[in-house]
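Engineer: Residue 144 in the working numbering sits at position 144 of the sequence shown; the count goes up by one each step and never skips.
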Amino acid sequence: MLALLLLASTASAQSGDAGMSMPPPSTTSTLPNPDRPTRTSSGKVQASRDPKLPPALGPTPAKVLVIVYSDFQCPVCARVTDATHQIAEEWPGEVRVEFRQHPLSIHANAENAAVASLAAHRQGKFWEMHDVLFGHQGALDPASLETYAQGLGLDMARFRKDYADPELRARVKREGALADKLGANGTPGFLVNGRLSVGWGSWFGFRGQVQDELNAVNALLKKGTKLAAVHALRAKANAKDDAAFAAYKAGVLDAAPSSSSTK
Numbered sequence: 001m002l003a004l005l006l007l008a009s010t011a012s013a014q015s016g017d018a019g020m021s022m023p024p025p026s027t028t029s030t031l032p033n034p035d036r037p038t039r040t041s042s043g044k045v046q047a048s049r050d051p052k053l054p055p056a057l058g059p060t061p062a063k064v065l066v067i068v069y070s071d072f073q074c075p076v077c078a079r080v081t082d083a084t085h086q087i088a089e090e091w092p093g094e095v096r097v098e099f100r101q102h103p104l105s106i107h108a109n110a111e112n113a114a115v116a117s118l119a120a121h122r123q124g125k126f127w128e129m130h131d132v133l134f135g136h137q138g139a140l141d142p143a144s145l146e147t148y149a150q151g152l153g154l155d156m157a158r159f160r161k162d163y164a165d166p167e168l169r170a171r172v173k174r175e176g177a178l179a180d181k182l183g184a185n186g187t188p189g190f191l192v193n194g195r196l197s198v199g200w201g202s203w204f205g206f207r208g209q210v211q212d213e214l215n216a217v218n219a220l221l222k223k224g225t226k227l228a229a230v231h232a233l234r235a236k237a238n239a240k241d242d243a244a245f246a247a248y249k250a251g252v253l254d255a256a257p258s259s260s261s262t263k
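Okay, structure coming up:
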């Protein structure tokens with residue numbers, strides 16, 4: 001009887017592993033971690049250095065645009081940091097991932113952390129700050145943010161000036177407002193060429209969604225459809241309704257840079 005009870009208890013614990021609130025699997029496991037893929041570097045994926053654009057990894061235009069709406073104080077968002085970095089590396093030159101701010105009001109320090117990350121972006125160090133902030137979610141007060149900026153070698157006078165710039169805070173609010181319009185009312189939120197999902201299941205599921213979208217894009221390109229038209233067609237097909245497509249078109253497609261640079 002005791003063995004049966006133990007077996008039932010183990011099965012019950014395992015049944016919720018994919019849920020948003022469950023902790024990531026132990027890093028000591030010999031099995032592949034469904035939350036945290038191994039980061040690789042092809043040398044072909046470049047980070048955006050244009051502070052006017054969302055921080056990004058990968059080229060523009062790309063066949064598949066993955067937008068991540070995130071909150072630096074959200075514990076589930078911290079679980080997807082490796083996936084955010086790695087997804088563009090899976091298909092170098094074909095996938096672009098953009099990080100957009102969506103600090104939730106329930107997290108007292110999330111907005112300040114978002115502003116600090118954009119101040120670092122102005123000095124070309126967004127992704128370094130991204131990793132530091134997610135690695136120290138319990139200490140995102142203003143004094144700690146300055147400590148992290150100093151540790152990254154940022155120009156502190158410039159960092160303080162940018163952190164105090166009302167435009168950065170307004171930008172954070174604009175990005176969060178667009179997330180709400182698109183239906184991403186929680187974090188993390190993902191848009192894969194306009195297809196929305198909120199929460200986190202696993203790296204394998206996320207990667208599979210991007211793979212499916214890439215296959216759909218390649219099928220249209222093979223028919224001779226131009227990439228810009230493909231983006232609109234896929235976003236229309238992926239949007240949950242006409243209002244969501246209109247918001248995505250205005251906030252993402254129409255605002256996208258037209259060059260083929262990696263900025």
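For glycine and all other residues, C-beta sits at the position ideal for the given N, C-alpha and C. Because the structure is a prediction, the values reported are computed rather than measured.
Kindly identify the DSSP beta-bridge partner or partners of PHE190.
Structural biologist: On the sequence shown, position 190 is the one that residue 190 refers to. The partner list for PHE190 (beta bridge, DSSP) reads VAL68 and SER197.
Engineer: Give me, in chain order, the residues of the same chain whose beta-carbon lies closer than 7 Å to that of GLU94; leave out the 5 immediate sequence neighbours on both sides.
Structural biologist: Here residue 94 refers to the residue found at position 94 of the sequence shown. Closer than 7 Å at the Cβ level, and outside the excluded window around GLU94, lie ALA62, LYS63, VAL64 and LEU214.
Engineer: Helix, strand or coil for LEU57? Go by DSSP, reduced to three states.
Structural biologist: Looking up residue 57 in the sequence shown gives position 57. Strand, per DSSP.
Engineer: Should the stretch 118-125 be regarded as contacting the stretch 74-82, the criterion being three or more beta carbon pairs within less than 8 Å?
Structural biologist: No, the stretch 118-125 does not touch the stretch 74-82.
Engineer: Under 8 Å, with one C-beta from each stretch per pair, do the stretch 129-149 and the stretch 203-212 reach the 3-pair mark?
Structural biologist: Segments in contact, no.
Engineer: Using three-state DSSP, classify ALA247 as helix, strand or coil.
Structural biologist: Working through the sequence shown from its first residue, we reach residue 247 at position 247. It is helical.
Engineer: Which residue or residues does DSSP assign as beta-bridge partners of LYS98?
Structural biologist: Taking the first residue of the sequence shown as 1, we reach residue 98 at position 98. At residue 98 the sequence reads Glu, which differs from the Lys that was named. ALA56 and ILE67, per the DSSP bridge assignment.
Engineer: For ALA47, which three-state DSSP category applies?
Structural biologist: As a first step, residue 47 must be located in the sequence shown, where it is residue number 47. ALA47 falls in the strand class under three-state DSSP.
Engineer: Which residue comes first and which comes last in the alpha helix (DSSP H) that contains ALA218?
Structural biologist: Translated into the one-based positions of the sequence shown, residue 218 becomes position 218. The question names Ala, but residue 218 in the sequence shown is Asn. Residues 203-222.
Engineer: Please report how far the alpha carbon of LEU253 lies from the alpha carbon of PRO55, in whole angstroms.
Structural biologist: Against the sequence shown, residue 253 aligns to sequence position 253. Against the sequence shown, residue 55 aligns to sequence position 55. C-alpha separation (whole angstroms): 16 Å.
Engineer: Given a cut-off of 8 Å on the beta-carbon distance, is the pair GLY199 and GLY186 in contact?
Structural biologist: Along the sequence shown, read from residue 1 onward, the residue named residue 199 stands at position 199. Along the sequence shown, read from residue 1 onward, the residue named residue 186 stands at position 186. Their beta carbons are under 8 Å apart, which means GLY199 touches GLY186 by this criterion.
Engineer: Look at the alpha carbon of ALA110 and the alpha carbon of PHE72, and state the distance between them as a whole number of angstroms.
Structural biologist: On the sequence shown, position 110 is the one that residue 110 refers to. On the sequence shown, position 72 is the one that residue 72 refers to. Computed Cα separation, rounded: 6 Å.
Engineer: What is the DSSP secondary structure of GLN73, counted as helix, strand or coil?
Structural biologist: In the sequence shown, counting from the first residue as 1, residue 73 sits at position 73. GLN73 falls in the coil class under three-state DSSP.
Engineer: Here's a check: name, in chain order, each residue in its chain whose Cβ is nearer than 6 Å to the Cβ of ARG169, leaving out the five neighbours to either side.
Structural biologist: Taking the sequence shown and counting its residues from 1, one reaches residue 169 at position 169. Cβ within range, chain order: VAL115.
Engineer: Alpha carbon to alpha carbon, what distance is there between THR38 and GLN86?
Structural biologist: The residue given as residue 86 occupies position 86 in the sequence shown. The residue given as residue 38 occupies position 38 in the sequence shown. Approximately 8 Å, taken between the alpha carbons.
Engineer: Pick out whichever of LYS125, ALA239 and ASP155 has its Cα sitting closest to the Cα of ARG49.
Structural biologist: Counting from one through the sequence shown, the residue named residue 49 turns up at place 49. Among LYS125, ALA239 and ASP155, the Cα nearest to that of ARG49 is on LYS125.
Engineer: Secondary structure at ASP82, three-state DSSP: helix, strand or coil?
Structural biologist: Taking the first residue of the sequence shown as position 1, residue 82 is located at position 82. If DSSP states are grouped into helix, strand and coil, ASP82 belongs with the helices.
Engineer: Between ALA179 and the rest of its own chain, which residues show a CB-CB distance below 8 Å, the 5 nearest in sequence each way excluded?
Structural biologist: Taking the sequence shown and counting its residues from 1, one reaches residue 179 at position 179. Closer than 8 Å at Cβ, skipping near neighbours: TYR69, ARG100, HIS102, ASN185 and GLY189.
Engineer: With DSSP as the reference, label TRP91 as helix, strand or coil.
Structural biologist: Residue numbering aside, residue 91 sits at position 91 when the sequence shown is read from its first letter. Of the three classes helix, strand and coil, the one that applies to TRP91 here is coil, per DSSP.
Engineer: Looking at chain B, is there any beta carbon in it that lies within less than 8 Å of the beta carbon of ARG171?
Structural biologist: In summary, chain B is missing from the structure at hand, where a single protein chain is found.
Engineer: I need the straight-line Cα distance from GLY176 to LEU104, nearest angstrom please.
Structural biologist: Counting from 1 along the sequence shown, the entry for residue 176 is found at position 176. Counting from 1 along the sequence shown, the entry for residue 104 is found at position 104. Near 8 Å, if we compare the C-alpha coordinates of LEU104 and GLY176.
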